[in-house]
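*Asks:* Take 1 as the starting number for the sequence shown in UniProt numbering and just add one per residue.
Supplied in structure tokens, the structure appears directly below.
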Amino acid sequence: MDRKRRKIENENRQFCPEWMDLYCFILPDRVGALPVCLICNQTVAVMKVFNIKRHYETHKSFAEKFPLVVDENHEIDITNFTKFLESLKTEFERRYADFRKIKNVVQLLNSSFTLQPDGEWINEAENVFKCNRAHLQMEIIEFQSDDVLKNLYNEKYSKTEIDSTYDEFWLKYVSEKKYPTLKLLTVKMCTMFGSTYVCESAFLKMNYIKNKFRSRLTNEHLEMMMKIATTNHNPDLKQLVESKICHFSH
């Protein structure tokens, strides 16, 4: 007698809610969704407890750091998770404690036309960024009276636009000669959150360029190649070639 093999979609498998606590898996709320691992964001093709558990056990470091302890009432002890979240919260508060000192002055980036010239932000700019108080107040008053900048700001960088970038407004359209103190303050705030990605990628490219097969590479040539490797400029090679006059030898 021939037995037909059952198809997975006909087995009517369901996601068990306790898998979220036991194996850190969730099921997205959409049709045909597969279980997603909260640790690595990968999915499991077959919704079986064996597959879910086997995937969870591949994260040995996570399982060792946060072991599941079940008490007499078959409830999971979340003490390890609680301690970790508390330490993480404490670390974040310690790392970002200094940002409380500039919580008002950062509003200058996106609320510059509504700030009061004698508000609390002016004290933070003077104490933290060492700005000249009198110069900054005069410039913000003149800045808020500039109808050209105000119309440009409302047109391109209004709150209804999701992709608005306030740093572009300050760096591109605000004159440094007309508002030197104000411009310097905004530049400092825009560059506070610089990432080490640029430095790390530059070192990686330098090691790739200056390898053991290029022992005779001079510093001058290395600097030129680094500029080419790290620039975001896309040259028009066709135009450059057409602008050159080639001399053919006879």
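Each residue gets a CB set at the ideal place from its N, CA and C atoms; glycine is no exception.
With H, G and I counted as helix, E and B as strand and the rest as coil, what does DSSP make of V49?
*Replies:* helix
*Asks:* CB Y179 to CB F143, shorter than 8 Å?
*Replies:* Going by C-beta atoms, Y179 is nearer than 8 Å to F143.
*Asks:* Residue range of the alpha helix (DSSP H) that residue 282 falls in?
*Replies:* For residue 282 there is no data in the structure shown, the boundaries of the chain being 1 and 250.
*Asks:* Reducing DSSP to helix, strand and coil, say where V31 ends up.
*Replies:* coil
*Asks:* When the Cα of D118 is compared with those of I102, V106, M138 and N110, which residue comes out closest?
*Replies:* M138
*Asks:* Which residues in the same chain have their Cβ closer than 6 Å to the Cβ of G32, if we skip the five residues on either side of it in sequence?
*Replies:* Around G32: no qualifying Cβ.
*Asks:* With distances taken Cα to Cα, identify the nearest neighbour of residue 271 among Y23, R94 and T186.
*Replies:* Outside the displayed range of the chain (1 to 250) lies residue 271, so it cannot be described from this structure.
*Asks:* With a Cβ-Cβ cutoff of 8 Å, do A45 and L27 count as a contact?
*Replies:* no
*Asks:* What is the C-beta distance between Y166 and N110, in whole angstroms, given that I count them as a contact (C-beta under 8 Å)?
*Replies:* Y166 to N110, Cβ: 5 Å. Contact.
*Asks:* Check V44 in the structure and name its three-state DSSP category.
*Replies:* coil
*Asks:* Using DSSP's beta-bridge definition, name the partner residues of V36.
*Replies:* I26 and T43
*Asks:* Just reading off the alpha helix (DSSP H) that V198 is part of, what are its end residues?
*Replies:* Y197 to I209
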